[in-house]
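And the structure:
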């Protein structure tokens with residue numbers, strides 16, 4: 001008879017494989033009702049843990065997988081440095097994979113991490129609702145998400161308060177006299193992209209300003225997207241007097257579009273970016289930007305993951321760090 005799998009138990013219980021894994025590992029984060037449903041399915045199906053798989057898991061390689069959404073983004077470069085420092089000190093190696101915001105590519109890397117029995121995975125998910133970590137949950141491989149959250153699984157995560165930071169940046173532009181503030185949005189299928197848009201809108205509401213649909217343009221977290229979105233905003237009959245760009249790569253594209261159009265900042269348009277790492281900009285020191293504690297995100301996420309890898313039982317952890325608005329010349333109007 002074929003052995004019953006965690007996925008089959010999850011389907012019978014009407015829960016995710018991650019929930020089954022947490023119940024079997026006596027996690028305290030599962031509600032009594034869900035726990036009983038899972039245990040009932042275990043009994044009904046006659047599920048037995050695979051002792052060979054457990055043995056392999058015990059002897060799993062001391063390798064952590066890091067699956068990021070865009071390797072060209074310097075935000076992730078600094079974050080991975082924090083990951084490597086903590087992992088190395090604990091005797092672990094790090095394997096880096098670039099999902100390139102592609103769900104299929106991301107899934108392949110997750111399957112590789114499972115097949116290679118990696119000790120744990122740090123993941124910046126391509127989508128809050130479409131990314132699935134079931135293949136890791138089935139094998140008991142812990143996951144911590146970084147910079148973005150998952151809505152498809154209950155796992156630990158580490159990120160900044162994007163809503164608060166975006167609201168603060170928007171209100172800063174209002175304080176400089178801006179009344180039509182354009183917003184270049186990232187991928188709204190991610191919690192980071194959605195959170196920054198919500199923070200921008202909250203800032204407008206707090207200032208008593210309307211949220212005009214034509215002032216919000218998606219740039220997909222890409223340089224080209226930021227350039228094209230800025231061109232669209234500049235083509236409006238009533239162009240914005242302030243511009244908030246919701247990541248560093250799009251800010252590079254936005255500055256290029258402004259330069260090409262002969263639009264000066266802050267005189268013609270006050271400019272704020274998100275992420276204070278734009279080495280491709282010769283004017284980097286002049287750009288007002290939301291600065292994230294990128295190294296700290298990587299460090300804390302890795303410490304959290306290693307605690308899971310060691311089997312330490314503790315409630316699900318959500319760590320929200322503070323981002324800081326660094327005000328410079330690009331947004332100050334005298």
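Residue numbers (the UniProt record's numbering): 1 to 334. Cβ coordinates follow ideal geometry from the N, Cα and C atoms, glycine included.
Buried versus exposed call for residue 314 [16 or more other C-beta atoms within 10 Å across all chains shown] = Indexing the chain shown from 1 puts residue 314 at position 314. Burial call: exposed.
Would you grab the beta carbon distance between residue 164 and residue 191 for me? Rounded to a whole angstrom, and I think it's under 8 Å.
-> As a first step, residue 164 must be located in the chain shown, where it is residue number 164. As a first step, residue 191 must be located in the chain shown, where it is residue number 191. No, residue 164 and residue 191 are not in contact; Cβ-Cβ is about 14 Å, not under 8 Å.
What number of angstroms, rounded off, separates the C-alpha of residue 56 from the C-alpha of residue 91?
-> Within the chain shown, numbered from 1, the residue matching residue 56 stands at position 56. Within the chain shown, numbered from 1, the residue matching residue 91 stands at position 91. With a pLDDT of 45 at residue 56, under the threshold of 50, the predicted position of this residue should be treated as unreliable, though the coordinate-derived value follows. Approximately 19 Å, taken between the alpha carbons.
Around the Cβ of residue 151, are there at least 16 other Cβ atoms within 10 angstroms (buried) or fewer (exposed)?
-> Along the chain shown, read from residue 1 onward, the residue named residue 151 stands at position 151. Residue 151 should be labelled exposed.
If you draw a straight line from the alpha carbon of residue 233 to that of residue 207, how long is it in whole angstroms?
-> As a position in the chain shown, residue 233 is number 233, starting the count at 1. As a position in the chain shown, residue 207 is number 207, starting the count at 1. Roughly 21 Å separates the two Cα atoms.
Is residue 248 closer than 7 Å to residue 196 when the C-beta atoms are compared?
-> For the purposes of this step, residue 196 is taken as the residue at position 196 of the chain shown. For the purposes of this step, residue 248 is taken as the residue at position 248 of the chain shown. No, the Cβ-Cβ distance between residue 196 and residue 248 is not below 7 Å.
What's the C-alpha gap between residue 80 and residue 218?
-> On the chain shown, position 80 is the one that residue 80 refers to. On the chain shown, position 218 is the one that residue 218 refers to. For residue 80 and residue 218, the distance between alpha carbons rounds to 27 Å.
What whole-angstrom Cβ distance do residue 290 and residue 243 have, given they're in contact under 8 Å?
-> For the purposes of this step, residue 290 is taken as the residue at position 290 of the chain shown. For the purposes of this step, residue 243 is taken as the residue at position 243 of the chain shown. In fact, because the Cβ distance is near 14 Å, the residues do not count as touching under 8 Å.
Continuous alpha helix (DSSP H) stretch holding residue 111: start and end | Start at 1 with the first residue of the chain shown, and residue 111 comes out as number 111. Here the alpha helix (DSSP H) through residue 111 covers 103 to 115.
Alpha carbon to alpha carbon, how far is residue 268 from residue 259?
-> Taking the first residue of the chain shown as position 1, residue 268 is located at position 268. Taking the first residue of the chain shown as position 1, residue 259 is located at position 259. Residue 268 and residue 259: Cα-Cα distance of roughly 11 Å.
Is the segment 93 to 108 in contact with the segment 65 to 81, if contact means three or more CB pairs nearer than 8 Å?
-> yes
Proximity to residue 303 [Cα-Cα], best of 209, 157, 107 = One-based indexing of the chain shown puts residue 303 at position 303. Of 209, 157, 107, the residue nearest in Cα terms is 157.
Buried or exposed by the 16-neighbour rule on C-beta atoms within 10 Å, applied to residue 213 | As a working note, residue 213 is residue 213 in the chain shown. Counting Cβ neighbours within 10 Å, residue 213 comes out exposed, since fewer than 16 surround it.
What do you get for residue 72, buried or exposed, if any count of 16 or more other CB atoms within 10 angstroms of its CB means buried?
-> Against the chain shown, residue 72 aligns to sequence position 72. Exposed, since its Cβ has fewer than 16 Cβ neighbours within 10 Å.
Could you tell me whether the segment 129 to 143 touches the segment 168 to 176, using the rule of 3 or more Cβ pairs below 8 Å?
-> no
Could you have a look at residue 328 and say whether DSSP puts it in helix, strand or coil?
-> Indexing the chain shown from 1 puts residue 328 at position 328. It is coil, neither helix nor strand.
For the beta strand (DSSP E) containing residue 156, list its first residue and its last residue.
-> By 1-based counting over the chain shown, the position of residue 156 is 156. It spans 156 to 160 - the beta strand (DSSP E) in which residue 156 sits, taken as one unbroken run.
Outcome for residue 186 when other beta-carbon atoms lying within 10 angstroms are tallied against a minimum of 16 | Stepping through the chain shown from its first residue, residue 186 is reached at position 186. Classification of residue 186: buried, given that the 10 Å Cβ count is 16 or more.
Measure the beta-carbon distance from residue 180 to residue 241 and round it to whole angstroms, keeping in mind my assumption that it falls under 8 Å.
-> Locating residue 180 in the chain shown gives position 180, where the first residue counts as 1. Locating residue 241 in the chain shown gives position 241, where the first residue counts as 1. Sure, about 5 Å apart at Cβ, within 8 Å.
Apart from the five residues on each side of it in sequence, which residues of its chain come closer than 6 Å, Cβ to Cβ, to residue 340?
-> What the structure shows of the chain is the stretch from 1 to 334, and residue 340 is not part of that stretch, so it cannot be assessed.
Which listed residue (306, 236, 270) has its alpha carbon closest to that of residue 88 = Within the chain shown, the letter at position 88 stands for residue 88. Closest option to residue 88, Cα to Cα, is 306.
Proximity of residue 286 and residue 330 at Cβ, strictly below 7 Å = One-based indexing of the chain shown puts residue 286 at position 286. One-based indexing of the chain shown puts residue 330 at position 330. Yes, the Cβ-Cβ distance between residue 286 and residue 330 is below 7 Å.
Outcome for residue 238 when other beta-carbon atoms lying within 10 angstroms are tallied against a minimum of 16 = Stepping through the chain shown from its first residue, residue 238 is reached at position 238. Residue 238 is exposed by the Cβ-count criterion.
For residue 320, which beta-bridge partners are listed by DSSP?
-> Counting from 1 along the chain shown, the entry for residue 320 is found at position 320. Per DSSP, 159.
Helix, strand or coil: how does DSSP classify residue 247 here?
-> Start at 1 with the first residue of the chain shown, and residue 247 comes out as number 247. Three-state result, residue 247: coil.
Which parts of the segment 183 to 263 are runs of the beta strand (DSSP E), unbroken and 3 residues or longer, counting only runs that do not cross its ends?
-> 216 to 218, 242 to 245
Got a sec, what are the start and stop residues for the beta strand (DSSP E) residue 301 sits in?
-> For the purposes of this step, residue 301 is taken as residue 301 along the chain shown, with counting starting at 1. Note, residue 301: premise wrong, no beta strand (DSSP E); alpha helix (DSSP H) at 294 to 309.
Start and end residues, alpha helix (DSSP H) containing residue 21 | The sequence position of residue 21 within the chain shown is 21, counting from 1. Counting along the chain, the alpha helix (DSSP H) containing residue 21 begins and ends at 17 to 24.
Pick out the complete beta strand (DSSP E) segments inside the segment 61 to 148, 3 residues or longer, and give them in chain order.
-> 63 to 68, 93 to 98, 120 to 123, 143 to 146
Length of the line joining the Cα atoms of residue 108 and residue 328 = Position 108 of the chain shown, counted from the first residue, corresponds to residue 108. Position 328 of the chain shown, counted from the first residue, corresponds to residue 328. Rounded to the nearest angstrom, the two C-alpha atoms are 42 Å apart.
Within the same chain, show all residues whose beta-carbon is closer than 6 Å to that of residue 137, passing over the 5 residues directly before and after it, in chain order.
-> What you label residue 137 is simply residue 137 of the chain shown in a count that begins at 1. Same-chain partners within the cutoff: 17, 18, 21.
Could you tell me the boundaries of the beta strand (DSSP E) in which residue 271 lies?
-> Within the chain shown, numbered from 1, the residue matching residue 271 stands at position 271. That run of the beta strand (DSSP E) goes 270 to 274.
Between the CA atoms of residue 126 and residue 193 - distance to the nearest angstrom | The residue given as residue 193 occupies position 193 in the chain shown. The residue given as residue 126 occupies position 126 in the chain shown. Looking at the two C-alpha atoms, the distance is approximately 11 Å.
Nearest-angstrom beta carbon gap, residue 227 and residue 257 [assumed within contact, 8 Å] = For the purposes of this step, residue 257 is taken as the residue at position 257 of the chain shown. For the purposes of this step, residue 227 is taken as the residue at position 227 of the chain shown. Between residue 227 and residue 257 the Cβ distance is about 5 Å, and since that is below 8 Å, they are a contact.
Best match in 276, 272, 33, 9 for proximity to residue 178 [C-alpha to C-alpha] = As a position in the chain shown, residue 178 is number 178, starting the count at 1. Checked all of 276, 272, 33, 9; the closest Cα to residue 178 is 272.
From what residue to what residue does the alpha helix (DSSP H) around residue 41 run?
-> Start at 1 with the first residue of the chain shown, and residue 41 comes out as number 41. Its alpha helix (DSSP H) spans residues 32 to 45.
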